[in-house]
Structure formats: C-alpha cells, structure tokens
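Okay, so here's the structure we're looking at.
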Amino acid sequence: MRNVLAVFFIFLNVCFYAQDSQKNSDAYVKRLINLIRGNNNNRIKSMSYIQEALRFEKEIADSTRVELYVTAGNCYKDQESYYLALSYYYKALEIKNEKKSNRSFSILNNIGGCYYFMGNYKKARHFWELALKKFESNKASQNVEGSLIYNNLAVLEKEHGNYARALEMLKEFKKRNEILKDTFNIIIAYENIAGVNVKLKESDLAISNLSEGIRLAKKIRSDYDQASLYTDIGNVYLSQPGRKDSAYYYLSNAFNIANRSDFSDIKLASSEKLVSYFEKQNDYKNALYYLHIAKSLSEATINKENAKKVSRLESEFEEKNKQKELLQQQKRRERYFISGIVLLLLFSVIVFLMFKLQKSKSEKKAAENKLLSKKLEEKNKELANNAVKMMQASEIFQTTQKELKEMDPKYEDDRKVISRIIMDFKKGSQALNNSEFDKLFIETDEDFYKKLLEKFPSLTKNELRLCVFLRQNLSSKEISAITKQSPHSIVVARSRLRKKLGLEESQSISNFLIRF
1 MRNVLAVFFI FLNVCFYAQD SQKNSDAYVK RLINLIRGNN NNRIKSMSYI QEALRFEKEI
61 ADSTRVELYV TAGNCYKDQE SYYLALSYYY KALEIKNEKK SNRSFSILNN IGGCYYFMGN
121 YKKARHFWEL ALKKFESNKA SQNVEGSLIY NNLAVLEKEH GNYARALEML KEFKKRNEIL
181 KDTFNIIIAY ENIAGVNVKL KESDLAISNL SEGIRLAKKI RSDYDQASLY TDIGNVYLSQ
241 PGRKDSAYYY LSNAFNIANR SDFSDIKLAS SEKLVSYFEK QNDYKNALYY LHIAKSLSEA
301 TINKENAKKV SRLESEFEEK NKQKELLQQQ KRRERYFISG IVLLLLFSVI VFLMFKLQKS
361 KSEKKAAENK LLSKKLEEKN KELANNAVKM MQASEIFQTT QKELKEMDPK YEDDRKVISR
421 IIMDFKKGSQ ALNNSEFDKL FIETDEDFYK KLLEKFPSLT KNELRLCVFL RQNLSSKEIS
481 AITKQSPHSI VVARSRLRKK LGLEESQSIS NFLIRF
C-alpha cells in the first residue's frame with residue numbers, strides 16, 4: 001500500500017511539474033511572438049525569434065501553438081516564402097480542426113492568399129469559399145479580419161470577369177466595415193469598387209467612388225492611400241477625352257506624395273501614367289524625364305524582387321535544414337523512447353519471472369513445511385502411543401515381578417529360577433525402553449535434536465531424553481513411569497536442566513522447548 005501511495009505522489013508531482021513547465025513555456029513563447037510581430041521589417045531578427053519559439057512547440061498549449069504557427073506563416077508570407085507559410089498555416093489548421101473550431105476562417109483566408117499569390121486561383125477560391133462559410137457560421141461574425149474574405153473573393157471574381165459577383169462581395173465588405181467603423185478597409189472597398197466600375201466602363205461611378213475614398217484618406221491622413229487613389233483617379237481621367245488637366249492634377253499629386261514618402265510602387269505607377277500624359281501632350285522632354293524615373297524605379301523593383309527571391313531561397317534553405325535537424329532530433333527521441341520501452345518491458349519481464357520464481361519457492365517451501373508438520377504430527381502420535389505402550393508394559397513388568405516375588409517356592413532351585421526371571425524382566429524392560437526411545441527421538445524431530453545441541457552442546461543423553469518428554473508436555477509421574485526412575489529423580493533432573501537452559505523458575509520449560 002505504501003508503494004502504491006509513493007507512486008501516486010510521484011505521479012502527482014510529475015503532473016504539477018509538467019503543468020508549471022507548460023505555463024512557463026507558454027509565457028516565454030508568447031513574448032517571442034510579440035517580438036516577431038514587432039520586428040516584421042527585420043527579417044533576421046524575426047526569423048531568429050521564430051526558430052527560438054519553435055523549440056518549445058511540443059511543450060506549449062494548443063492555443064499558443066496555433067498562435068505561433070499563424071505568426072510564423074504570416075512572417076514567411078510577407079517574405080513571399082509561400083510554401084513555408086503554407087506549411088505553418090496547415091499545422092495551425094490541423095489543430096483547429098481537431099478542436100472543431102469555427103474560428104479557423106482566418107487561417108483558411110491566409111491559405112487562400114498564399115495560393116492566390118502563387119497563381120493557383122482554383123485553390124485560392126476553394127479556401128476562400130471555405131473561410132467565408134466558416135466566418136458566416138460563426139456567431140461573432142462582426143470581425144474585421146473575417147470581412148476581408150469578401151474583398152479577397154471580389155478581387156478573384158474581378159480577375160475572372162465575374163463583375164456582378166465582385167460588386168456584390170465588395171458592397172458586403174464595405175457594409176460590414178462601416179458597421180465596424182474601420183476606415184482603412186472602407187477606403188479599400190471604394191478603391192476596389194471603382195476598379196470594377198472601370199472594367200464596366202462606368203467612369204463617372206468610378207470617379208465618384210475614388211473621390212469618396214480620397215475624402216476618407218485625407219480624413220485619417222493616410223498618405224499612402226491618398227497617393228494610390230490619386231493615381232487611380234488620374235488614370236480614369238487620362239482615359240477620357242477633354243479631361244487631361246484633371247488627369248495631370250491627380251497624377252502629379254500622386255507622384256509628389258509618393259516621392260516625398262518614398263512609396264516606390266506608387267511612384268513607379270504614377271510616373272508611367274505621367275509618361276503617357278506628356279506623350280499625348282507632345283511634351284517629350286517631360287515624358288523622357290518621367291520615363292527615366294520609371295525605368296530606374298523598374299530596375300530597382302526588379303533588383304528588389306531578385307533580392308526577395310534570394311532571401312526567399314535562403315529562408316527556404318534554412319528552414320529545410322532546420323526541419324531536417326528537427327526530424328533527426330525527433331527520430332533520436334523516438335529511438336530513445338523505444339529503447340526505454342524495451343528496457344522497461346525487459347525489466348518488467350525479469351521482475352515478473354523473479355516474482356513467479358519466488359512464489360514457486362514459497363509454495364514449495366510451504367508444501368515441504370506442511371509435509372514435515374504432518375510427519376512430525378504422525379511421529380508425535382507414534383511417540384505418544386509408544387510411551388503409553390511402554391507405560392503399560394512397565395506396569396505389567398512391575399505386576400509380574402511383584403507376583404513372582406510374592407511366590408514362596410519350596411525348593412531352592414525354583415527360587416533361583418524365579419530370581420533369574422525377575423532380573424531378566426528388569427534388564428529387558430530397561431533395554432527396550434532405552435533403544436525404542438532413542439530410535440523414536442531421532443526419527444521424530446531430527447531438527448529439534450540438532451538445534452538443541454547447537455545451542456546447548458553440554459546436554460547429556462538423559463537430559464536430551466528429558467527435553468523430548470517435556471516438549472510433549474508429559475508430567476513427572478508419566479516420565480517416571482516411562483524411564484523407570486522415581487518421581488523425585490525426575491524433579492531433580494528437571495531442576496538441573498532448567499539451570500543448564502538458563503531459565504528462571506517462573507518460566508515454563510515446555511514452552512521454551514516448543515520454540516525449537
């Protein structure tokens with residue numbers, strides 16, 4: 001019972017230690033996740049934080065693990081390492097699916113985004129449709145992140161010429177963000193709706209939507225959105241005859257804001273449109289100026305893209321090496337685990353066999369003891385029976401001797417014969433008693449005989465006989481009858497034996513001898 005309790009307390013300690021360890025790991029990984037998010041622009045730092053956090057992925061709670069995988073996926077997606085991003089998004093999705101959570105729409109949306117940028121529009125649509133279904137079935141569907149799914153699907157529908165559905169999705173996207181009061185997403189909605197208007201040759205509607213977007217961008221002082229919208233509205237005016245001045249106004253403003261804030265993508269787009277504007281005005285000097293800017297920006301963009309590709313390849317190479325190392329570590333852990341299980345099983349088998357052997361020995365010993373006890377009981381009965389017979393024989397001898405002594409033969413020869421018979425009776429009785437007793441004594445309990453002599457080697461043969469009688473709890477009178485000694489002699493012999501055995505007067509000799 002004590003062993004069971006000890007094992008139970010050890011188990012509790014292990015559980016509490018595991019819980020504390022998980023709490024500490026969770027807190028540490030969450031701090032690393034915050035550092036990753038705060039260092040999005042520093043690839044080296046964010047990657048080092050990700051690798052450090054991933055060391056604890058097996059020790060943290062599922063919710064923290066999902067957060068880590070999504071953060072890692074976002075980081076790789078921003079670096080355009082879409083395959084690596086997908087690997088982490090899928091890990092997060094697997095945990096969410098195990099929990100049967102409807103909150104997986106965000107992960108599905110990110111997976112769809114990766115496939116979109118990889119050019120796999122079929123898979124992008126599949127995952128965005130799944131994300132939309134999960135989002136709409138979610139009770140807390142008023143969510144900014146979830147509303148982006150409508151925008152993503154609208155962009156896809158627009159590229160495939162499904163303008164009606166694209167407008168439907170964008171209007172839903174705008175409506176949800178108006179409820180959420182997210183101005184940035186409302187601006188995106190106006191810009192994308194205007195893009196669909198342009199495709200539908202609805203220039204006035206496009207200008208109206210872009211103007212509303214510009215108003216909101218100015219309100220929140222978002223230079224990037226303002227420059228982007230200026231470029232779009234300038235391009236719409238550029239395509240309309242007689243509205244070149246408006247086109248130049250918006251395109252030049254877009255270029256100036258982009259140049260001032262170093263928005264290279266908008267600067268490139270606006271400079272390219274200004275080249276078209278000045279060519280139409282036959283102002284080749286300014287057209288050449290903006291063409292030179294566009295060319296340098298284009299080359300810079302190409303170099304930047306190449307640098308991104310190199311960075312992506314490096315990241316993928318590092319990640320593959322890391323995954324390979326983790327796989328090797330996992331294999332080593334599995335080998336250690338299997339070895340531990342094998343050793344545990346082997347130890348269990350050895351313990352089981354030892355237990356069985358010990359049990360077999362115990363059973364064998366118990367059987368032997370039982371057999372010996374039975375034999376001892378039989379010998380004791382035999383000894384008691386023989387003692388009774390010897391007593392009866394002794395009484396017969398005494399009676400016969402007495403009767404022979406009482407006879408008064410007339411002739412001397414007869415008296416001699418009777419005396420000889422009496423002497424023979426005495427000798428025969430004594431010889432019979434001694435030889436029978438010694439035989440029975442040794443056969444009855446040989447161990448008792450050996451143990452007694454080992455502890456008290458000075459005991460004489462007569463004292464050993466007396467010990468046997470006393471062990472059978474016979475009285476002095478009964479011993480006297482068997483040994484042909486007077487009761488007084490037996491009492492004296494008992495007193496001497498008590499001293500040799502070192503017993504007090506209050507101690508029972510019989511009880512003492514039974515213990516042997």
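In terms of full-length UniProt numbering, the sequence shown has 307 at position 307, counting the first letter as 1, and numbering is strictly consecutive. We put the beta carbon where it would ideally sit given N, CA and C, even for glycine.
Burial state of residue i, where buried means 16 or more other Cβ atoms lie within 10 Å
{"i": "leucine 344", "result": "exposed"}
{"i": "lysine 134", "result": "buried"}
{"i": "tyrosine 89", "result": "buried"}
{"i": "arginine 65", "result": "buried"}
{"i": "lysine 356", "result": "exposed"}
{"i": "phenylalanine 469", "result": "buried"}
{"i": "phenylalanine 337", "result": "exposed"}
{"i": "arginine 221", "result": "exposed"}
{"i": "leucine 497", "result": "buried"}
{"i": "asparagine 97", "result": "exposed"}
{"i": "lysine 273", "result": "buried"}
{"i": "lysine 77", "result": "buried"}
{"i": "alanine 366", "result": "exposed"}
{"i": "glutamate 363", "result": "exposed"}
{"i": "serine 495", "result": "exposed"}
{"i": "asparagine 74", "result": "buried"}
{"i": "leucine 347", "result": "Note that residue 347 is phenylalanine in the sequence shown here, rather than leucine. Exposed."}
{"i": "asparagine 369", "result": "exposed"}
{"i": "arginine 31", "result": "exposed"}
{"i": "threonine 483", "result": "buried"}
Contacting residues, own chain, Cβ-Cβ under 6 angstroms from residue i (five flanking each side not counted)
{"i": "tyrosine 116", "result": "Ala124"}
{"i": "valine 70", "result": "Ala92"}
{"i": "aspartate 225", "result": "Ile187 and Ala217"}
{"i": "alanine 194", "result": "Ala206, Asn209 and Leu210"}
{"i": "asparagine 102", "result": "Lys134, Ser137 and Asn138"}
{"i": "leucine 108", "result": "Phe127, Leu130 and Ala131"}
{"i": "arginine 176", "result": "Ser147"}
{"i": "asparagine 253", "result": "Tyr230"}
{"i": "asparagine 185", "result": "Asn177"}
{"i": "tyrosine 237", "result": "Arg243, Ser246 and Ala247"}
{"i": "asparagine 235", "result": "Lys273"}
{"i": "leucine 86", "result": "Cys114"}
{"i": "isoleucine 111", "result": "Tyr89 and Phe127"}
Cutoff 7 angstroms; reference residue i; Cβ partners in own chain excluding five residues on either side
{"i": "leucine 297", "result": "Ser264, Lys267, Leu268 and Ser271"}
{"i": "lysine 477", "result": "Pro487"}
{"i": "leucine 513", "result": "Cys467, Leu470 and Arg471"}
{"i": "isoleucine 33", "result": "Ala53, Glu67, Leu68 and Thr71"}
{"i": "alanine 287", "result": "Val275, Phe278 and Glu279"}
{"i": "isoleucine 95", "result": "Asp62, Arg65 and Val66"}
{"i": "leucine 153", "result": "Trp128, Leu132 and Met169"}
{"i": "methionine 118", "result": "Tyr82"}
{"i": "valine 198", "result": "Ala206 and Val236"}
{"i": "alanine 227", "result": "Ala254, Ile257, Ala258, Phe263 and Ile266"}
{"i": "tyrosine 163", "result": "Val196, Lys199 and Leu200"}
{"i": "leucine 432", "result": "Interpretation of leucine 432 is limited by its pLDDT of 45, a score under 50 that renders its predicted location unreliable; the figure taken from the coordinates is listed afterwards. Counting only Cβ-Cβ distances below 7 angstroms, and skipping sequence neighbours, we find nothing."}
Bounding residues of the alpha helix (DSSP H) (the contiguous stretch that carries residue i)
{"i": "threonine 460", "result": "Unbroken run through threonine 460: none, as it is neither H nor E."}
{"i": "histidine 126", "result": "121-137"}
{"i": "serine 510", "result": "509-514"}
{"i": "glutamate 67", "result": "62-78"}
{"i": "leucine 274", "result": "264-280"}
{"i": "lysine 219", "result": "203-219"}
{"i": "glycine 112", "result": "105-117"}
{"i": "residue 553", "result": "There is simply no residue 553 to check, as the chain begins at 1 and stops at 516 in what is shown."}
{"i": "leucine 170", "result": "163-180"}
{"i": "lysine 199", "result": "183-199"}
{"i": "asparagine 253", "result": "244-261"}
{"i": "glutamine 226", "result": "223-238"}
{"i": "asparagine 151", "result": "144-159"}
{"i": "lysine 58", "result": "Unbroken run through lysine 58: none, as it is neither H nor E."}
{"i": "lysine 99", "result": "Note, lysine 99: premise wrong, no alpha helix (DSSP H); not H, not E."}
Below-8 angstroms beta-carbon distance, residue i vs any chain B residue
{"i": "leucine 503", "result": "The structure shown contains no chain B; it is built from a single protein chain."}
Contact set for residue i: own chain, Cβ-Cβ below 8 angstroms, skip 5 residues either direction
{"i": "serine 21", "result": "Confidence at serine 21 is low in this model, with a pLDDT of 49, below 50, so its placement is unreliable and no value can be given for it."}
{"i": "serine 489", "result": "Ser480"}
{"i": "leucine 503", "result": "Ile509 and Phe512"}
{"i": "arginine 37", "result": "Thr71"}
Q: May I have a chain-ordered list of the alpha helix (DSSP H) segments no shorter than 4 residues that lie completely inside the region 458-504?
A: Assignment of alpha helix (DSSP H) within the region 458-504, counting only whole runs of 4 or more residues, yields 461-471, 476-483 and 487-501 in chain order.
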